[in-house]
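Each remark here refers to the structure printed beneath this line.
Number of protein chains: 2
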Amino acid sequence: MPVSVPVNPYVLDMEYAVRGPIPQRAAVLQREGRTTIPCNIGNPQALGQKPLTFLRQVLALMEEPGRLDREKKISRLCASSHEVAEQMREEDIIPEYVLDYVADMYENWPTGMGAYTESKGPLFIREAIARFIDARDGISTASGVPADPESIFLTSGASEGVRFILEMLITDSSDGIMIPIPQYPLYSATIVKCGGTQINYYPDEDDDWSLDRSMLDEALAEAKKKKVNVRAIVVINPGNPTGAVLDAKSGREVVSFARENGLAIIADEVYQENLYGADWVSFAKLIGEDDIALFSLHSISKGFYGECGHRGGYLEVRNPPAVENAETGFMDVLLKQASVRLNSNTAGQVLTYVMVNPPPEGSPVYAQFAAEREAILTELYEKAVMIREAFDKMEGVESFGRIGALYHFPRLNVLPKGTGDYEYCMALLEETGIVTVNGAGFGQKPGTNHLRIAFLPPKEMIEAMLPDWIAFHNTYVTG
Amino acid sequence: MPVSVPVNPYVLDMEYAVRGPIPQRAAVLQREGRTTIPCNIGNPQALGQKPLTFLRQVLALMEEPGRLDREKKISRLCASSHEVAEQMREEDIIPEYVLDYVADMYENWPTGMGAYTESKGPLFIREAIARFIDARDGISTASGVPADPESIFLTSGASEGVRFILEMLITDSSDGIMIPIPQYPLYSATIVKCGGTQINYYPDEDDDWSLDRSMLDEALAEAKKKKVNVRAIVVINPGNPTGAVLDAKSGREVVSFARENGLAIIADEVYQENLYGADWVSFAKLIGEDDIALFSLHSISKGFYGECGHRGGYLEVRNPPAVENAETGFMDVLLKQASVRLNSNTAGQVLTYVMVNPPPEGSPVYAQFAAEREAILTELYEKAVMIREAFDKMEGVESFGRIGALYHFPRLNVLPKGTGDYEYCMALLEETGIVTVNGAGFGQKPGTNHLRIAFLPPKEMIEAMLPDWIAFHNTYVTG
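From first to last, the protein sequence lines are chains A and B. Counting from 1 along the first sequence, just add 737 to a position and that's the residue number in this note's numbering. Counting from 1 along the second sequence, just add 737 to a position and that's the residue number in this note's numbering.
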C-alpha cells in the first residue's frame, strides 16, 4: 500500500480554471460523440488557424542543417529545367530571401538548435528583441531609454518569465502582488504556489476597464491594513480575460502609482499585436526615463503567430532593484533562475526571433507575409464584432472595453435566482456545445457574473452557434 | 533611484556550479582570444556532434505542414527525370519511410505543432513512451507491470519533471530529500529553492560508486536526528557527475531501503543510452510489482541524440502516493502543476517521440540511423578510455566506476598543501585552456578533491590536450 504523504499546501491550493471543470466536462461530451465549440482557450491553431509560411520555413530550415544547399539546388533545377518547372508550383520553391535569412541565422548561431544556449538565449536574438522594442516604442539614439540585450531573457512562453519574477519577489505570505480582477489564472496560481498574498484591484468595467489612482490606492490601503507588503503590480494589456485595450491615461496612472509606492510593474503584454486598430502603448514607453522596476513579457503564442505549442517568448527587465542584504545583484539572481532550467527551448527561440525580426516591407516575401497576417487579424476582428453584436440580442448581457486580445468578457446581469455564471456556462455547454470559462475562474467583483469567450473558432462555426446561444440565453435567464 | 528589495532567500541561496565561476572565467578567456577546450558541460552538439538525420528530418517535416506532398513530388521527379536524378544526391531525397512516418504523426496530431497540447503531452506520444518502457524492461502481458500512458508527462528536459516533484514533496525545511554525493546541482538547487533539506548519502567511490543499505540507513538516521522527515531518495544512474553505471545489486539495495522506510524513489535515468556495453537496469524494472512510489526521468538531451537545446523529456510515475488530508489525488495535483505551464514545447515532444519510437531494424532508414548512433557512441567511449588512460599518468589521480554517461569524476589524491580542487581546476584552465568543473560544485566527501570532465570535445582535441594536462598536473602537484 502506498502511504499517504503530505503535499505542499501551496501547490495543492493552486487553481487553474482555463483547464478546469467546464473544459473537462466538454472533453467528456466530446468522447461521447457530442460536437463542442471550443471557445474556452486562446489556442488559435487548434481551431484551424494556419501557421505563417515564412515563420515555419525558417524554423524547419534551422532544424535540418544541410537543407539550405539542397533547396538552392532545387531552385536552380526549377530555373534551368522546363520539365521540373512544370511540376513544381511556386509555393514548392523556398524563396531565396528565406534561404538567405536562415543562412544569416546559422552564421550567428554556429552551435545550432541542438546545443544548450546561453541561459538567457543567444545574444543575436536578444539584440533583435532590443531593436524590436526600440522600434515599437519609437526610441531613437536621440530620445528615450533603449532596451538592453543583457536585460532580456528568452523564456518558454510568458508563463516562465512570470514564474521567475514571482519566485524572486515573494518571500512569504507578507509579500503581496497586486493583480487586476478579473485576471489570468497564471498569476493567482503562481502567487499561491509561491506562498504570497494576492491583492486585488478592480478596473472600472463600466468605463471600459480603465484604471485610476483611487482604485489602486484603495487596494494598497487594504493590503497595508492586512500588514501585507505589496511588491509589484501586474497589468495585463490588452487584457485577459477582458480583452480590453488599456488607454494611455490608465497606463500613466499605474506608473505614477508604482513610482510613489516603490512598486515594480509586471506588464503582461503578450497580446500587443491583437489590437484591431486600437492604439496601445507599452509600459517601457510609459515609464520612459523613470527608474521604476519593470518586467515586461511577450510571447509567440498570441498575436497573429498563434504558436502556443512551441512555448516561446521573452522577459525584458528595466531598472532592476538592488537586493536587500545581499551582494548579488537582482539580474544575477534572475540569471541563476534561468540557469537551473539551462535554456528556453531553441524552437521557441527561433520563432521569437522571427516575431521580432519579420520580413521588412519591400522584401520579396513581404506581400505573402503581410497578406497572411492581415487575413488572420481581419477575421479575428470580424468574429469579435459578430459576437459582440449577438450580446445585444441577449437579455442583460453587456460587454465593455476597446476590443483587443482574443477574448470578450461579457457581464451577465440577469441570471435565474440562486445561480451564478458557473451554472450558466455549464448549461450553455450542455445545451449548445459552446465551451466557455465562467467569470469566477478569473475572479470578478463580488456579486457580478461573467464568462470569457475566445473568438477563435472558424467564422462559419461562430455564425452557426450565435443564434443557438441567443435562443438558449433568452430562455435560460427567464426560465 | 530604484529601491532595494528583499529577494526570496531560497532563490538567493541556490547554487549552480555547472554554469559557475570556472566556466565564467573560461568565457572571459575566450573573449580575450584564448583557445579553451570546453569539458565542463554535457552539451554534445556545441562540440561538433551532428544531430541524427532521421530525427531532424521528422522534426522539420512536422514544422512545415504541406511539405510532405512537395517532397513526394521531388522524389517522383528524381525517379522520372534523368536530368533531375543527375543533380540530386541520395541524401537530397527524403526517404519514403520518413514521409510515411511523419504522415502517421500528422494523423495522430491533427492540431500540429502550433497548438497547445494536453498538459501531459499528446496521448499518442505518451503511448509510444509506455511501449518503449515496456520493451526496454522486458515487460510483456504475461509478466511485469506495464507502463501507463496516463502516468507519463512530457516535460521540457528532465529538469522540469524534477521541479514538479520536488515542489510537491517539499512543504518546508522539515522535509528532506536524500541525494547522492556527488550529485548534479539541479537537485541541490531545487531543494534549496523549495525550502527543503538536502540529506546526503555517500556512494562508495572505491567500490565503483556502489550503494549498500548501511550508507543509506546511516544518512536516514542522521536526518532523523535533525528531525528531518525524508520524503524521497534521488538516484542518478548512470551517474552525473560520476559517470558510473550502477550495478543491479546497488539498485536493489535502494529499493529495499525505500520500501522499508516508505520513501519515494526519484530515478534520474537520462543517461540510460550512454552505457558503452555496461549492463543497466531501470528502477521501474527493479521495483517490479512493489508499490513504491517511483518518479523516473528521461531526456532527449543525452544518449546519442544530444538534443540539449530543444528541451524535451518525460517523467513517468508509478504508484503515486495518496495525498494526506486532501481529497485530490497526487496525479491530479501533478497535472495542475503541468497545466500552469500549459504544455512542454512541441519540438521537444516530437524529438521525444522519435527517441522512443526510432526506425526499427529492417526498416529502410535503419542502416543509416544505426550507423550514426554507433559512430557517436563508439567515439564517446574511445574518448572516455583515452582520458582514463591519461589519468594513470597523473600522480595521485584515480577514477572509479563502470564508464557511463558523458563524464569522468577522477579523485585528486595529491594537491599542493592548502589548495583544493577549485584552485586546481582554475590553474588547469589558465595553463592549458581545459575547462572542467571542480568537485566542490557537485559535493564530495569532506577532505576529498575531484573534478568532472565531460568527454565530448572532438577526438583530435582530446588527443592534443592530454599531454598538456599530464605535464601540467605532474608539475602542479609537486610544485
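Each residue gets a CB set at the ideal place from its N, CA and C atoms; glycine is no exception.
Alpha helix (DSSP H) segment containing residue i, residue limits
i	result
residue 890 of chain B	Segment 889-892 is the beta strand (DSSP E) holding residue 890 of chain B; no alpha helix (DSSP H) there.
residue 980 of chain B	Segment: none, residue 980 of chain B is in no alpha helix (DSSP H) and carries neither H nor E.
residue 972 of chain B	Here residue 972 of chain B belongs to no alpha helix (DSSP H); instead the beta strand (DSSP E) covers 966-973.
residue 1215 of chain B	1196-1215
residue 1142 of chain A	Residue 1142 of chain A -> no alpha helix (DSSP H), and no H or E assigned at all.
residue 1192 of chain A	Taken as a continuous stretch (DSSP letters only), residue 1192 of chain A belongs to no alpha helix (DSSP H), as it is neither H nor E.
residue 759 of chain B	758-768
residue 744 of chain B	Element bounds for residue 744 of chain B: n/a, residue is neither H nor E.
residue 839 of chain A	833-845
residue 1110 of chain B	1103-1129
residue 950 of chain A	950-962
residue 1090 of chain B	1083-1093
residue 1075 of chain A	1067-1077
Spatial neighbours of residue i in its chain, beta-carbon cut-off 6 Å, leaving aside the 5 residues before and after
i	result
residue 1130 of chain B	1207
residue 1190 of chain A	776, 1145 and 1173
residue 1068 of chain B	1057
residue 866 of chain A	889, 1051 and 1093
residue 987 of chain A	947 and 948
residue 1181 of chain B	919 and 1187
residue 985 of chain A	1018
Residues sharing a beta bridge with residue i, DSSP
i	result
residue 1187 of chain B	B:1148
residue 937 of chain A	A:916
residue 1032 of chain B	B:1003 and B:1054
residue 866 of chain A	None; residue 866 of chain A has no bridge partner.
residue 1171 of chain A	A:774
residue 1134 of chain B	B:1149
residue 1059 of chain A	B:741
residue 1038 of chain B	Its beta-bridge partners do not exist; DSSP assigns none.
residue 947 of chain B	B:941
Neighbourhood of residue i by C-beta, 8 Å cutoff - its chain only, sequence neighbours within 5 removed
i	result
residue 806 of chain B	none
residue 1169 of chain B	774, 1202, 1205, 1206 and 1209
residue 1060 of chain B	1066, 1067 and 1070
Limits of the unbroken beta strand (DSSP E) element including residue i
i	result
residue 914 of chain B	912-917
residue 1001 of chain B	1001-1005
Own chain residues within Cβ distance below 7 Å of residue i, not counting five before or after
i	result
residue 894 of chain B	1036, 1038, 1048, 1049 and 1050
residue 1028 of chain A	1056
Local Cβ density within 10 Å of residue i, reported as buried at 16 or more and exposed below that
i	result
residue 962 of chain A	exposed
residue 738 of chain A	The pLDDT assigned to residue 738 of chain A is 44, lower than 50, so where the model puts this residue is not dependable, and the model offers no usable value.
residue 1150 of chain B	exposed
residue 765 of chain B	exposed
residue 1086 of chain A	buried
residue 1300 of chain A	Outside the shown range of chain A, which is 738 to 1216, sits residue 1300 of chain A, and nothing can be said about it.
residue 1154 of chain A	exposed
residue 742 of chain B	buried
residue 1113 of chain A	buried
residue 857 of chain B	buried
residue 958 of chain A	exposed
residue 863 of chain B	buried
residue 1219 of chain B	Outside the displayed range of chain B (738 to 1216) lies residue 1219 of chain B, so it cannot be described from this structure.
residue 768 of chain A	exposed
residue 930 of chain B	buried
residue 1107 of chain A	exposed
residue 1096 of chain B	buried
residue 847 of chain B	exposed
When the Cβ atoms of the region 788-807 of chain A are set against those of the region 790-806 of chain B, are three or more pairs found closer than 8 Å? yes
Assess contact between the region 1011-1026 of chain B and the region 1068-1078 of chain B, defined as three or more Cβ pairs (one per stretch) separated by less than 8 Å. Is contact present? no
request  = Inspect the CB distances between the region 1131-1142 of chain B and the region 961-978 of chain B and report whether three or more fall short of 8 Å.
outcome  = yes
Exercise for review: Report yes or no: do the region 912-932 of chain A and the region 895-903 of chain A share at least 3 C-beta pairs separated by less than 8 Å?
Suggested key: yes
Three-pair Cβ contact test at 8 Å for the region 816-829 of chain B versus the region 835-853 of chain A:
Output reads no: the region 835-853 of chain A does not touch the region 816-829 of chain B.
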